[in-house]
Amino acid sequence: MPLITSAEMFKKAYEGRYAVGAFNVNNMEIIQGISEAAREEKAPLILQVSAGARKYARPAYLKKLVEAAVEDTGLSVVLHLDHGENFDICKDCIDDGFSSVMIDGSRLPFEENVALTKKVVDYAHEKGAVVEAELGKLAGIEDNVNVSAREATFTDPDQAVEFVERTGVDSLAIAIGTSHGAYKFKGEPMLDFERLERITKMLPGFPLVLHGASTVLPEFVELCNEYGGDIPGAKGVPEEMLRRAAEQGVCKINIDTDLRLAMTAAVRKYLAENPSEFDPRKYLGSGRDAIKKMVQHKIRNVLGCSGKA
Ligand code: G3H
Ligand code: 13P
Ligand code: ZN
Numbered sequence: 002m003p004l005i006t007s008a009e010m011f012k013k014a015y016e017g018r019y020a021v022g023a024f025n026v027n028n029m030e031i032i033q034g035i036s037e038a039a040r041e042e043k044a045p046l047i048l049q050v051s052a053g054a055r056k057y058a059r060p061a062y063l064k065k066l067v068e069a070a071v072e073d074t075g076l077s078v079v080l081h082l083d084h085g086e087n088f089d090i091c092k093d094c095i096d097d098g099f100s101s102v103m104i105d106g107s108r109l110p111f112e113e114n115v116a117l118t119k120k121v122v123d124y125a126h127e128k129g130a131v132v133e134a135e136l137g138k139l140a141g142i143e144d145n146v147n148v149s150a151r152e153a154t155f156t157d158p159d160q161a162v163e164f165v166e167r168t169g170v171d172s173l174a175i176a177i178g179t180s181h182g183a184y185k186f187k188g189e190p191m192l193d194f195e196r197l198e199r200i201t202k203m204l205p206g207f208p209l210v211l212h213g214a215s216t217v218l219p220e221f222v223e224l225c226n227e228y229g230g231d232i233p234g235a236k237g238v239p240e241e242m243l244r245r246a247a248e249q250g251v252c253k254i255n256i257d258t259d260l261r262l263a264m265t266a267a268v269r270k271y272l273a274e275n276p277s278e279f280d281p282r283k284y285l286g287s288g289r290d291a292i293k294k295m296v297q298h299k300i301r302n303v304l305g306c307s308g309k310a
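So the number in our numbering is just where the residue sits in the sequence shown, counting from 1, plus 1.
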C-alpha cells in the first residue's frame, strides 16, 4: 500500500459527514501508536510533519518511519507537511515524496497569500501532490479578551470563495475560534458555527480543515499534574463541537496537543511508579500505548471515521 493523496479520502469524508484525523508525528513511538490505532479501526489516516518535527527527527528518519508504518500496517497513508511557511519547504517535501503539503500564508495580506499558494499549487499538482492553504488567523488565548477583535481574524466567507477559485487549492484551513496548544479558551469554549455553515454553503463539497482541534483531555491533564509539573487552566475544543464541525463540511481535523499530553502523562506515570526503571523501551512503550488508546477513541467517538479506510 502506498502513500496516497487526500483527494478521494476527503470526497468520501464530505459525503459521509465524518472527518479524517491528521496527527502530528515526531518519532517512532508516536507513529506506531497512531498507525496501530488506525489499522485496528480500519480508518483513513493522515500523518503530518511540521518544520520543527523535521528538524528534530531529521527528514530522512521521519519519511522512512512513515514508510515503515505503511509497510507494517498495510494502510494507505497521506504524508502531509504541516504549516509549510514558504515555497522552498513545500517543494522540498514534495520532491521527497510527500503526497500533501500545507502552505501557510495566513500571516500574509490576501493578495500575497493567493500568489504564494498558487505558486505551490502549480508545483504540487504537476508532481501529483495536493495542497492545503489557510485563510484567516487562528487566535491565541491572549486575543481572547475582546470578542470583536478575535472575530476580525476569522475567515471571511466571500474571501474564502475567491481564494479557492484563484489558487486552485485542494483544501482550506479556516479560522472559526480554535487555536493551537493547550490554552484555547479563557472562558467557555465557543466556535463560530454560523460562519462555518456560510462557508460550507458557499463552497459546497469543498474540504475544510480545522487546526488547533485538540480537546486537551482532562484525564491526561490530571495525570500530568498528579505525576509532575502543573498545567493550570488548560482548555481545549469540546469533542461534541468537533463532531458538529465534521458534520458541517470539515474533512480534516488536526491533533497534536492531545498526543503530547497522552504521551507525557503515560511516561510521567510510568516513571513515578517505577522509579528505578531506566529502560527507555518501558516508559516510551507506555507512551506509545497511551497514544494508541487516545487515537482509537478519537477515531471512533469524535471523528466518526472508524471502518472508513
Ligand atoms: O500546529 C503546530 C503543531 O502542533 C506542530 O507543532 O511546530 O512544535 O512541531 P511544532
Ligand atoms: P492542537 O495544538 O490543538 O493539537 O492543533 C494541532 C494543529 O493544528 C497542527 O497543525
Ligand atoms: Zn495547525
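Note that the Cβ used here is the ideal one computed from N, Cα and C, for glycine as well.
Which same chain residues end up closer than 6 Å to residue i when comparing Cβ atoms and leaving out the 5 residues on each side of it in sequence?
i	result
Cys252	Phe11, Ala14, Tyr15, Ala20 and Pro208
Ala183	Val217, Ala235 and Thr258
Ala246	Leu211
Met29	Leu66
Ala54	Asn27
Ile284	As written in the sequence, residue 284 is Tyr, which differs from the Ile given in the question. Once the five neighbours on either side are set aside, the close Cβ partners of Tyr284 are Val268, Tyr271 and Leu272.
Pro233	none
Consult DSSP for residue i and reduce its assignment to one of helix, strand or coil.
i	result
Tyr228	coil
Ala221	Sequence check: residue 221 is Phe here, not Ala. Phe221 falls in the helix class under three-state DSSP.
Phe24	strand
Leu204	coil
Glu135	strand
Gln33	helix
Ile95	helix
Leu197	helix
Tyr15	helix
Lys236	strand
Asp171	coil
Asn302	helix
Lys185	coil
Leu48	strand
Ile344	Shown here, the chain extends from 2 to 310; a query on residue 344 therefore has no answer.
Asp290	helix
With distances taken from CA atoms, which of the options is nearest residue i?
i	options	result
Gly308	Pro45, Leu4 and Pro3	Pro45
Val26	Val78, Gly17, Leu63 and Glu9	Leu63
Lys236	Ala150, Leu117 and Met191	Met191
Gly98	Phe24, Glu86, Gly129 and Gly75	Gly129
Ala69	Asn302, Pro3 and Tyr228	Pro3
Ile32	Arg55, Ser51 and Leu66	Leu66
Ala273	Gly213, Ile256, Arg301 and Leu224	Leu224
Pro205	Arg18, His181 and Gly53	Arg18
Val222	Thr265, Cys91 and Ala125	Thr265
Leu262	Ser215, Lys283, Val102 and Arg59	Ser215
Ile254	Glu227, Gly230 and Gly213	Gly213
Ala125	Ser180, Met103, Pro281 and Glu112	Met103
Lys185	Met203, Gly229 and Val238	Val238
For residue i, which residues of its own chain have a beta-carbon under 8 Å away from its beta-carbon, when the five flanking residues on both sides are left out?
i	result
Glu198	Gln249
Ile200	Thr156, Pro158, Ala161, Ile175, Leu209 and Gly250
Gln297	Ala38, Glu41 and Glu42
Arg108	Lys138
Using a Cβ-Cβ cutoff of less than 7 Å, which residues in the same chain neighbour residue i once the five nearest sequence positions on both sides are dropped?
i	result
Ser51	Asn25, Asp83 and His84
Ser277	none
Val303	Glu240, Leu243 and Arg244
Ile95	Val102, Tyr124, Ala125, Lys128 and Ala130
Per the contact definition of three or more C-beta pairs closer than 8 Å, is the stretch 118 to 130 in contact with the stretch 291 to 298?
-> no
At a cut of 8 Å, does the stretch 130 to 137 reach the stretch 164 to 178 through at least three beta carbon pairs?
-> yes
Is there contact here, the stretch 33 to 49 with the stretch 79 to 87, by at least three beta-carbon pairs under 8 Å?
-> yes
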